[in-house]
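Residue numbers (UniProt numbering): 1 to 127.
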């Protein structure tokens, strides 16, 4: 919602300057009802209170960023535990909760035997 609101004037004037998947997500965020946004902010605070104590013991959390190794260009689905899922909606399932919390995070590739990397998140305490 925040990104969609920020970029809405540019999305209206020059939508072609946005990558199609990014444009779609930004527009969806811009159209989110205000009541949903307020409720999400309430849940964010609750969720943050559950997660922040981890940083009393750890400086950095390391977590997977992707549910599987990188997909090939044009691949529309991926398989997780034998279930076929839409790639576009599923590759961010592990990063979205961290982004929602507003935690500083860096995602890096980690090599695998297949040659296609998996994503790894390095997550820090908010500053």
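Glycine included, C-beta positions come from ideal geometry on N, C-alpha and C.
query	result
Same chain, Cβ closer than 6 Å to residue 55, five either side skipped, listed in chain order	125
Distance CB(residue 8)-CB(residue 30) smaller than 8 Å	yes
Residue 83 - partner residues in DSSP beta bridges	80
DSSP state of residue 98 mapped onto helix, strand, coil	helix
Proximity below 8 Å, CB of residue 77 to CB of residue 86	yes
Sequence-distant residues of the same chain with beta carbon closer than 6 Å to residue 104, five excluded per side	124
Per DSSP, cross-strand counterpart(s) of residue 109	119
Proximity winner among 70, 94, 74, 19, relative to residue 129 (alpha-carbon distances)	Outside the displayed range of the chain (1 to 127) lies residue 129, so it cannot be described from this structure.
Whether residue 63 touches residue 110 by CB criterion (8 Å)	no
Residue 60 - partner residues in DSSP beta bridges	124
Environment of residue 10 [buried if 16+ CB atoms lie within 10 Å]	exposed
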